[in-house]
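Written below as structure tokens is the structure these notes are about.
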Amino acid sequence: MEQLKITIAVIIAVILQWTLRNVSDVFMYVDFPLIIIVYAALQRNTIKALIFGMISGIAVDALSGGLLGANGFTKTLIAYAVSEIARRVYLDNLLLQIPVIAGACLINDLVYYGLHRLFGQELTSPFLETIAYSLIGTTIAGTIVYLILGSFSTDSLKRNKRGSSSSRRQTRRRNPIRLGKR
Amino acid sequence: MVERSQKEVWRLTPWLMVALLLGNFVLMAYDAKTTSQERVIRVWTQAVANFVQSPVTSVTSGVTGYFQSISSLRTAQTENDALKQRVQELEVEVQKKEELADENGRLKALLELKNESKYKILPAQIIGRDPSLWFDSAIINRGSLDGVKLNMPIVNNGGLIGRVIAVSPITAQINLVTKDKSGLGGVIGELSTSNAIGVVSGTGKKELLEMGYIPGTIEVQVGEMVYTSGQDGIYPAGLKLGEVAEVRPGSATVPQQIFIRPSAKLYSMEEVAVVLYEPPPKPEYEKTLPNAVKDDKKKR
Numbered sequence: 001m002e003q004l005k006i007t008i009a010v011i012i013a014v015i016l017q018w019t020l021r022n023v024s025d026v027f028m029y030v031d032f033p034l035i036i037i038v039y040a041a042l043q044r045n046t047i048k049a050l051i052f053g054m055i056s057g058i059a060v061d062a063l064s065g066g067l068l069g070a071n072g073f074t075k076t077l078i079a080y081a082v083s084e085i086a087r088r089v090y091l092d093n094l095l096l097q098i099p100v101i102a103g104a105c106l107i108n109d110l111v112y113y114g115l116h117r118l119f120g121q122e123l124t125s126p127f128l129e130t131i132a133y134s135l136i137g138t139t140i141a142g143t144i145v146y147l148i149l150g151s152f153s154t155d156s157l158k159r160n161k162r163g164s165s166s167s168r169r170q171t172r173r174r175n176p177i178r179l180g181k182r
Numbered sequence: 001m002v003e004r005s006q007k008e009v010w011r012l013t014p015w016l017m018v019a020l021l022l023g024n025f026v027l028m029a030y031d032a033k034t035t036s037q038e039r040v041i042r043v044w045t046q047a048v049a050n051f052v053q054s055p056v057t058s059v060t061s062g063v064t065g066y067f068q069s070i071s072s073l074r075t076a077q078t079e080n081d082a083l084k085q086r087v088q089e090l091e092v093e094v095q096k097k098e099e100l101a102d103e104n105g106r107l108k109a110l111l112e113l114k115n116e117s118k119y120k121i122l123p124a125q126i127i128g129r130d131p132s133l134w135f136d137s138a139i140i141n142r143g144s145l146d147g148v149k150l151n152m153p154i155v156n157n158g159g160l161i162g163r164v165i166a167v168s169p170i171t172a173q174i175n176l177v178t179k180d181k182s183g184l185g186g187v188i189g190e191l192s193t194s195n196a197i198g199v200v201s202g203t204g205k206k207e208l209l210e211m212g213y214i215p216g217t218i219e220v221q222v223g224e225m226v227y228t229s230g231q232d233g234i235y236p237a238g239l240k241l242g243e244v245a246e247v248r249p250g251s252a253t254v255p256q257q258i259f260i261r262p263s264a265k266l267y268s269m270e271e272v273a274v275v276l277y278e279p280p281p282k283p284e285y286e287k288t289l290p291n292a293v294k295d296d297k298k299k300r
């Protein structure tokens, strides 16, 4: 279920990345595939995160004026780095995940820029401004997306189920103790 | 059992990452080296993406158009009155022009001149914008099956927008003139009378172009119109680029720095047109020069 959710999320993210800039220029500062890849890596789906990182990156590059494979490279790298961090540090809390999205976005942009410079390609957007807006846009969108994905998570559904039945169990337990005291 | 398989995954992951990174690196190196015609993966992905982008674009433009039409209803009555008056004025003008056109035709026939339109125009719609924030290309719904070729100029009623940088059978990718760092030939004022000829390139900023190589001794005024000079071997001469927005004076030895505001609205365009123009072939002597630019490199 979790695997299917991430697969669908990646497909939707790529389609949104392809189309949303047509609706408004604001959306160009949100990297939807990166958000989902970081999410997959945080769920410790390392192999899936790596493969999805490469595929979604190449899909974005194909419609972009940039180098084919540059986004694939950065997203693969991010997927690996985040999954390694998630393996060692407990990052299941949303508050801890926010700085991870921000850091991933920053590294993604820096590596992307560096790769283009390495291959002698000139980027047309101003460096600092683009990175700053991208950081803000992706972090905000990432937080919202993680909240949505978290609400669909199977773990949270189980927790909700447990939460609703626990009150009944407590009342059952209480009664014999009270009877015993009396 | 589960523990072991997890360990195996952890052992496998670094190798998988290295393999994927290498694959991407090879792809980048190949893409950086190849010419625009050989970008097979890019071209076919664009063609596939067209099936997603086209419906989304038509839906969003439909919704936007609906809300715009509601907001414009308020001004419709006054506009209607003004337009009726304008139609009457134009009818008189058309009659005058018809007479002039007849006269022109007769005179041309006398001089045996052919009345040919210079370039064919192919209307197109923008169906997608660059998904990367570092670039600003766009995708149109016309491709090689419609006769679109590499480097063909893209215009709208305001003037020049950019050029075609990749073509698939049903779509084409265009680069905006404001983001094109390679430069194009421009002239301030009429080509036949002006000597202010320079190179216009993108600044990376929205709605601003920069013109270089204009000697400091030539007088340039803010508000003067800038056109393509046709000397770059890509764009035809006479396409409107924009008007001079700022002049930073130079001297006899230092060229002026001129900033141009494009006349085409580059960031709110939906319909554009492809100018089916192919530059004349270069003369043989130019190809043999030691510093000659190879065709393949130029098209990049």
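Keeping their order, the protein sequence lines are chains Y and Z.
Each residue of the first sequence is one higher than the one before, counting from 1 in the numbering used here.
Each residue of the second sequence is one higher than the one before, counting from 1 in the numbering used here.
Each residue gets a CB set at the ideal place from its N, CA and C atoms; glycine is no exception.
G66/Y classed as buried or exposed, judged by whether at least 16 other C-beta atoms fall within 10 angstroms: buried
3 or more residues per run - each beta strand (DSSP E) lying fully within the segment 185-240 of chain Z: 197-202, 209-214, 225-228
At a CB-CB cut-off below 7 angstroms, which residues of chain Y make contact with A49/Z? W18, L63
Pull up the distance between the alpha-carbon of K33/Z and that of E122/Y, whole angstroms please. 14 angstroms
C-alpha distance - R300/Z paired with M1/Y, whole-angstrom precision: Residue confidence for R300/Z is low, a pLDDT of 44 falling below 50, so the modelled location carries little weight and cannot support an answer.
Start and end of the beta strand (DSSP E) containing Q3/Y? No beta strand (DSSP E) contains Q3/Y, which is instead part of the alpha helix (DSSP H) from 2-23.
Tell me where the beta strand (DSSP E) around I121/Z begins and ends. 120-129
Hey, is A41/Y's beta-carbon within less than 8 angstroms of any beta-carbon in chain Z? no
Are the C-beta of V82/Y and some C-beta of chain Z separated by less than 8 angstroms? no
Between the Cα of C105/Y and those of V23/Y, A141/Y, V26/Y, spot the shortest distance and give me the residue it belongs to. A141/Y
Helix, strand or coil for P153/Z per DSSP? The DSSP-derived three-state label of P153/Z is strand.
Could you tell me whether the Cβ atoms of V167/Z and L150/Z are closer together than 8 angstroms? yes
Determine the burial state of Y66/Z: buried for a count of at least 16 other Cβ atoms within 10 Å of its Cβ, exposed for fewer. Exposed, since its Cβ has fewer than 16 Cβ neighbours within 10 Å.
Would D128/Z pass as a contact of N22/Y if the rule is Cβ separation under 8 angstroms? Per the sequence shown, residue 128/Z should be read as Gly rather than Asp. Closer than 8 angstroms, so yes.
Should Y277/Z and P153/Z be called a contact, given that it needs their Cβ atoms to be closer than 8 angstroms? yes
Chain Y within 8 angstroms of Q125/Z, Cβ atoms only: no
Endpoints, the alpha helix (DSSP H) within which L149/Y is located: Annotation for L149/Y: the continuous alpha helix (DSSP H) segment containing it runs 127-151.
7 angstroms Cβ cut-off: residues of chain Y touching V52/Z: I15, W18, T19
Consult DSSP for E99/Z and reduce its assignment to one of helix, strand or coil. Of the three classes helix, strand and coil, the one that applies to E99/Z here is helix, per DSSP.
Does DSSP put N50/Z in a helix, a strand or coil? helix
Out of M54/Y, K5/Y, V26/Y, M28/Y, which one is the CA nearest neighbour of Q75/Y? Note on identity: in this sequence residue 75/Y is Lys, with Gln being the wrong assignment. Selected option, being the one with the closest Cα: M54/Y.
Reference Q6/Z; option with closest CA among L16/Y, T46/Y, F119/Y: T46/Y
From the DSSP output, which residues share a beta bridge with R86/Z? For R86/Z, which the question treats as bridged, DSSP gives no partner whatsoever.
Keeping to the same chain, check which residues put their C-beta closer than 6 angstroms to that of K97/Z; ignore five residues upstream and five downstream. Apart from the 5 residues on each side of it in sequence, K97/Z has no Cβ closer than 6 angstroms to any other Cβ in its chain.
Measuring only the C-alpha atoms, how far is V78/Z from P215/Z? Looking at the sequence shown, residue 78/Z is not Val but Thr. Between T78/Z and P215/Z, the C-alpha separation is close to 49 angstroms.
Nearest to A237/Z by CA position, among S71/Z, K84/Z, I188/Z, S137/Z, is which residue? I188/Z
Hey, how far is the Cα of N24/Z from the Cα of H116/Y? 13 angstroms
How would you label S64/Y, buried or exposed, when you count the other beta carbons within 10 angstroms and need 16 or more for buried? Classification for S64/Y: buried.
DSSP three-state label for E278/Z, please. In this structure, E278/Z counts as coil in the three-state DSSP scheme.
I think L133/Z touches L266/Z, with their Cβ atoms under 8 angstroms apart; what is that distance to the nearest whole Å? 16 angstroms between Cβ atoms; not a contact.
Quick one, are the C-beta atoms of T124/Y and K179/Z less than 8 angstroms apart? yes
Taking 8 angstroms as the threshold (beta carbon to beta carbon), is M269/Z in contact with chain Y? no
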